[in-house]
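Going down the list, the sequences are from chains Y and P. Residues in the first sequence are numbered consecutively from 4, following our numbering. Residues in the second sequence are numbered consecutively from 305, following our numbering.
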Amino acid sequence: MKMPAGLDIARLYDAHAQPLFAFLLNFTRAEADTRDLLQEIFVKLAREPQLLAGVREERAFLIRLAHNAAIDLMRRRGTREKTRENFAAEIISPFAPTSDPDEKVFREELAIALGELPEEQRAVVHLKLWSELTFEEIAAALDISPNTAASRYRYGLDKLRARLRPLYEEMKKAE
Amino acid sequence: MNDDMEQFERRLCRQSLREIPKAWRAEILTAARETQAAHYASRMAHRSFLSTFKNQLSTFFWPHPQAWAGLAPVETVKSAPPSPEAMAELKKQQRMFAELVGASVAPDADRRKIFLPRPRSERTEILTA
């Protein structure tokens, strides 16, 4: 099918779909929801290509779209508390499977610990650790100040370390 | 930041994330392209409708552009008010005509407006006045 000249959806997908997928999966903890949200984002861009006009940081802009779409989904589904309970019950991990038994246990625990973080901290921790964004970029993506992004990251990381400390110490000794 | 925290952060960073399912690419891009095509088609249809409407209006109001163009100067002359010189010349010719037929020309204010619709009997009266 011949497309009008303009937005190259395939290029956008190839450049950004993987990090958006990881971010959304960490947020929703449900593969079906992640797929729906990802499709919603790309369909929205196809329908409204002007959204990207003048955008300098595509990644940050797309993460913002993804974050807003995920929050909208949560609101549609019910209260955030209910969703958080669902997160705790879910076993879908945002991490890749591994054959190393120690790493496997660590990833499972880390996935649970991440799921227990408040969503605003989880989003910042994810973007800092696995999308390698700066606090300025995270602030732009989530529409918060860089200081807020930094403090959310610090709180989130402290909670993760406290939660994973026994396992982490044990693994350090083994190394 | 202490070393322990940095080590913990580095360990977290090393954890690789799940990869997006390969099949999603085709599915999502197809959905996006269908939307893109539908949006494009809708825009084209809207433009086409406006263009057709405009053409039909032109056809309706402008069946013979050359004829309309030819009539334009006539309309301009018709609608333009007569100049004082032309009015004076017209009055002079009316007086000469009245002298020739042996009748006096009535002043403008007293003259009947013969083009107003009225009963046929009154028209006869005007002609014989």
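Glycine residues also receive a C-beta, built at the ideal position from the N, C-alpha and C atoms.
ask   = How would you list, in chain order, the residues of chain Y whose beta-carbon sits under 9 angstroms from the beta-carbon of Ala335(P)?
value = Gln42, Phe45, Val46, Ala49
task = Would you mind working out which of Ala165(Y), Glu61(Y), Val127(Y) sits nearest Ser148(Y), comparing C-alpha positions?
result = Val127(Y)
request  = Please list, in chain order, all residues of the same chain as Glu139(Y) whose beta carbon is under 6 angstroms from its beta carbon, the five residues on each side excluded.
outcome  = Pro149
key: Rounded straight-line distance, which links the Cα of Gly57(Y) to that of Arg166(Y)   = 42 angstroms
Assigned exposure category for Gln397(P) - 16 Cβ within 10 Å defines buried = exposed
query = Among residues of its own chain, excluding the 5 on either side of Ile12(Y), which ones have a beta-carbon nearer than 8 angstroms to its beta-carbon?
reply = Phe45, Leu48, Ala49
request  = Using a Cβ cut-off of 8 angstroms (strictly closer), state whether Glu310(P) contacts chain Y.
outcome  = No, its Cβ sits nowhere closer than 8 angstroms to a Cβ of chain Y.
ask   = In or out: Met77(Y) buried (at least 16 other Cβ within 10 Å) or exposed?
value = buried
task = Report yes or no: is there a C-beta of chain P within less than 8 angstroms of the C-beta of Ala153(Y)?
result = no
request  = State yes or no: is the C-beta of Glu122(Y) within less than 8 angstroms of the C-beta of Phe24(Y)?
outcome  = no
inquiry  = So that I know if they touch, is there some Cβ in chain Y lying closer than 8 angstroms to that of Ser346(P)?
reply    = no
Test: Leu120(Y) CB closer than 8 angstroms to a CB of chain P = no
ask   = So, does the CB of Ile115(Y) fall closer than 8 angstroms to a CB anywhere in chain P?
value = With 8 angstroms as the cut-off, Ile115(Y) does not count as an interface residue toward chain P.
task = To the nearest angstrom, report how far apart Asn212(Y) and Glu111(Y) are at their CA atoms.
result = Residue 212(Y) lies beyond the residue range present for chain Y, which begins at 4 and ends at 178; the question has no answer from this structure.
request  = Keeping to the same chain, check which residues put their C-beta closer than 7 angstroms to that of Trp133(Y); ignore five residues upstream and five downstream.
outcome  = Ala25
message = Comparing C-alpha positions only, which one of Ile115(Y), Gln53(Y), Asp39(Y) sits nearest to Pro97(Y)?
response = Ile115(Y)
task = State the beta-bridge partners of Leu321(P) as determined by DSSP.
result = Phe98(Y)
task = Please check the pair Leu27(Y) and Ala69(Y), which I expect to be a contact at CB under 8 angstroms, by giving their CB distance rounded to whole angstroms.
result = 6 angstroms
ask   = What residues of chain P sit near Tyr171(Y), judged by a beta carbon separation below 8 angstroms?
value = Phe312, Arg315
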